[in-house]
Structure formats: structure tokens, C-alpha cells
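Input: a single structure, listed below in C-alpha cells.
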Amino acid sequence: MTFPAFTTRHHCGLSAILAMTAIISASPLAAGPPACTCHNLESLQQDYQNAVYLEKYMRELAEHLKSIEAPLLKARQTDPDSYEASVEISSRTGPARDAYEKSHLKLPFSKIKDYSGPERVPMEKETCQQKQEDLDALENGSPCEAMADAALAHELFHRDNCNHIGVDNYWRRELSEIALEEAQAYHAQAANLKSELRRVLEDATIVYKGRWPFSVSVPGAMHVDYLFVTGTADLGQSSSGDTWAMTGHGTTTTTIETAEIAGRTCRPSGSVNSEFDATLTTNGLTFGLDIRGGVTGGNPAISCPGGMGMGMPPPDPIVGRVATGLPLKEGDNPVGGDWTGPMRGAMAGMGTVSGVADMVVSVTCTTK
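This is the structure:
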């Protein structure tokens, strides 16, 4: 959807494009794409990343073209009889633009997931109009409503501005002006898509959950298998900001599954129950996860043949930052990391700790 298109477009403000999006969203139009949900998360993320990239690309292209235009424009003012003053500016900036695009343009996503509309919607030559069938194809080819609205607002902004400055002025602009105007349009489109990413995630059900079987062994002395289970913690209560936080509260239970002491198989009992607070931070693309909490109660123990028994408290629960910069997608998002690391340090020289945690942040679409 967001592709560089050198139709002649004029610079306008972010607020205008945002307002246009609101108007489009509220208009009683024919049925178009469905409302966005977390099923469209990947498409939204790709479209947003392309828009952010294209804003930066267009600003840099504009500076490149201005460096070519500036001496020619200056010659027209200071030395109108010179050869430079007679050069048609577009004869230099056009090839320069094409060469710059060939060497610099590398979209994050060459095709947006589930988008089937046109790559660009050009303005009809010497007019302020775009073909309605192209606009319809853009809308109907969009995966969901907000993506269509953001793209249609982008195009409406150009048509309205053309009418505002006049068609003759609109088609006489230098290529650097066109690139700057495109940058502003993509900036606004990215803002609309970012807002929709946030709404979609706030409407989804996001939980932190999982299980972690691990073992502690001391050769010739003991082997204990533990199971750490994290109850579902719903993450909500979103904070404000470009990167926002979603918080939740949950409980964990750690039990002894099997135990062997001095060659004797022992019977485990009891568990340790803990409470924790989870904070997920996200920019709509990736996430980080912080855990705070501690042991709140429980008395795990083992009893062995011959009357021997003992309390067997598990290691302290994992707290702190457990994930940083992981991709956020619909479904289960694994929370990686070496969960046994702290225990291995404590057991250094005495025994071993092993086990792989299966902890996830799960994103599920909620029907409302």
C-alpha cells in the first residue's frame, strides 16, 4: 500500500491528514474491508514500517534533489544569460531521482500481507483528480478498514491540496517539493497506522503464561525435578506514549515432581505459591517483559524410606527483565532467555541445573 509514487503532490500538515482519516472513517460509505483486529496485526505492522521508512527516504531524497536544484535556481536569479540558467531543472533532477531510487530504496516489505490493491494511485495528468476505480481498488484491496482509511486519507490530502493551490501551480513544482510533500503524507499515514496498532492490541486479550520443568542434581547425593507453572496473567491497563506499557497480576505454583536422595526415591508434597506483577512494554512491533514479585507461601517437602524427610524450598522465582525487543505477533510469542542461569551460578562446583522454560505472551483476538 505505501509505495513511493511520484505523482505531483503538495506539502500539507499532519493535522489535516489525521482529520481526513476521521472524516473517511465516519462517512456512510458502501461496505468496505472489515474492522481491523489482531488477525491483521502483521499487515498493520508491515504497512506502518513501510510508511515510517518512506517518510525518511522521501526527506533524504528531497535534500538530494535540492542540492541539484539550488545552483540552477541561483543561476536564474544571478546570471540569467548563463548556460546553467537555461537548463531545464527536471532534466537533471528526474534522472537523479531515478538513480537515487535504484541505489537507495529498499522497502522493509515489498508486499504487504493480505493487500491486493494497486501499488500506487496516480493523479490524472494536469488535473486534481484520481480515478475512482483506482481508489475503490485501494480500499477493497486493503486487509482491514483502518488501513484503507489511512491510505485513502493520504490520497484525499493530495487532491484537496491540488484544488487549494491550483492545478497549474500543483503541476509546476520541483521534484524536491514533491518528495517533501510525500514525506509529510507518509508521516501522517504512519501516525494513523500506529494509532490503529495500539487500538488493536488494546482490544485483544494479551496474557503471560507458561510452565518451566527444571532439575537440580548433585552427583551421588540428590536429584530433584521441579515444575514451575505461571497462571494466566491478563495484561491490560495500557499507559500513554509512543511506547506503552500493559500491566497484569498473576500467581505461580512450584511443585516437586520427583526426588531422589542418596539413591532413595522420595515422595514429594506441598508447593510454593507466589504472586507477581508483569509489565509488557511495546511499540506495536516488539515487546519487552518485566516480572516483579516473590514467594508468598507454601511448604514443599519430601519424605524418604527409613523415615528421612526434609523441607525442599525451590529456588527463588525468576524476576526482573525476562524479554527485550522480541517480535509481537498474533498467537503465542515465546519469552526466551536462559532461565536456569542464576541457579547454575548458585550451584557452581556443587551440581547442575537443567530445564527449558516454555513461557509465552499470548495475543488472542477478542470478539466485541
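In terms of this note's numbering, the sequence shown opens at residue 1103 and continues consecutively.
The beta carbon of each residue, even a glycine, is placed where N, CA and C say it ideally should be.
Note that the structure is predicted; figures quoted are calculated from it, not measured.
For the alpha helix (DSSP H) holding G1451, just list the boundary residues, first then last.
Careful: G1451 lies outside any alpha helix (DSSP H) and carries neither H nor E.
Rounded to the nearest angstrom, what separates E1171 and L1282 at their Cα positions?
14 angstroms
In the segment 1197 to 1284, which residue ranges form an unbroken beta strand (DSSP E) of at least 3 residues, counting only runs that do not cross its ends?
none
To which residues of the same chain is V1465 closer than 6 angstroms at the C-beta, ignoring the five residues directly before and after it?
C1140, A1306, I1308, E1432
Between I1420 and the rest of its own chain, which residues show a CB-CB distance below 6 angstroms, the 5 nearest in sequence each way excluded?
W1441
Within the continuous alpha helix (DSSP H) that includes L1382, where are the two ends?
Here L1382 belongs to no alpha helix (DSSP H); instead the beta strand (DSSP E) covers 1373 to 1384.
Only counting the same chain, and skipping five residues up and downstream in sequence, which positions put a Cβ closer than 6 angstroms to that of V1455?
V1318, T1442, M1445, R1446, M1449
Own chain partners of K1311 with C-beta closer than 6 angstroms, once the 5 adjacent residues on each side are dropped
T1332, T1334
Exposed unless 16 or more other CB atoms sit within 10 angstroms - verdict on N1294:
buried
In angstroms, rounded to a whole number, what distance separates the CA positions of S1278 and L1303?
37 angstroms
My output table needs one value for C1138: the three-state DSSP class, helix, strand or coil.
coil
Hey, quick one: how far does the alpha helix (DSSP H) through D1149 stretch, first residue to last?
1143 to 1180
Note down, in chain order, each residue of its chain lying with its Cβ closer than 8 angstroms to the Cβ of H1206, except the 5 sequence neighbours on either side.
Y1159, E1162, L1163
Go ahead and pull the three-state DSSP assignment for E1432.
coil
Quick one: Cα of L1341 to Cα of D1236, how far?
Before going on, a small fix: residue 1341 reads as Ser here, not Leu. So the alpha carbons of these two residues sit roughly 39 angstroms apart.
Please state if the CB of G1439 and the CB of V1424 are separated by a distance shorter than 9 angstroms.
yes
Which residue's Cα is closest to the Cα of F1378: A1364, C1368, I1393?
I1393
Assuming the contact rule is C-beta atoms closer than 8 angstroms, Y1288 and L1387 should be a hit. Round their C-beta distance to whole Å, please.
Not a contact, Cβ separation roughly 17 angstroms.
Between T1349 and N1375, which are expected to be in contact by the criterion C-beta below 8 angstroms, what is the C-beta distance as a whole number of angstroms?
Contact doesn't hold; Cβ gap of about 21 angstroms is too wide.
Short check: CB of E1186 to CB of A1177, under 9 angstroms?
yes
Would you call Q1231 buried or exposed, if buried means 16 or more other Cβ atoms sit within 10 Å of its Cβ?
exposed
Per DSSP, which one or two residues make a beta bridge with A1425?
L1391
Reduced DSSP secondary structure (H/G/I, E/B, other) of A1361:
strand
Assign M1452 to buried or exposed, taking buried as 16 or more other Cβ atoms, counted over all protein chains shown, within 10 Å of its Cβ.
exposed
Roughly how many angstroms lie between the CA atoms of A1124 and A1252, to the nearest whole one?
Annotation note: pLDDT 46 at A1124 (below 50); position unreliable, coordinate value reported separately. Spanning the two alpha carbons is a distance of roughly 9 angstroms.
One or two residues paired with L1329 in a DSSP bridge
P1315, T1357
Straight-line CA distance for S1212 to Q1151?
11 angstroms
For C1368, which beta-bridge partners are listed by DSSP?
A1361
Please state if the CB of A1153 and the CB of A1292 are separated by a distance shorter than 9 angstroms.
yes
Kindly indicate which three-state DSSP category S1184 falls into: helix, strand or coil?
coil
Taking a contact to mean a Cβ-Cβ separation below 9 angstroms, would you say T1355 touches S1373 in this structure?
yes
Are Y1202 and H1260 closer than 9 angstroms when you measure CB to CB?
no
In its own chain, which residues sit with a C-beta less than 8 angstroms from the C-beta of P1220, not counting the 5 before and 5 after it?
D1236, A1239, L1240, G1243
Cβ of E1284 within 9 angstroms of Cβ of I1191?
no
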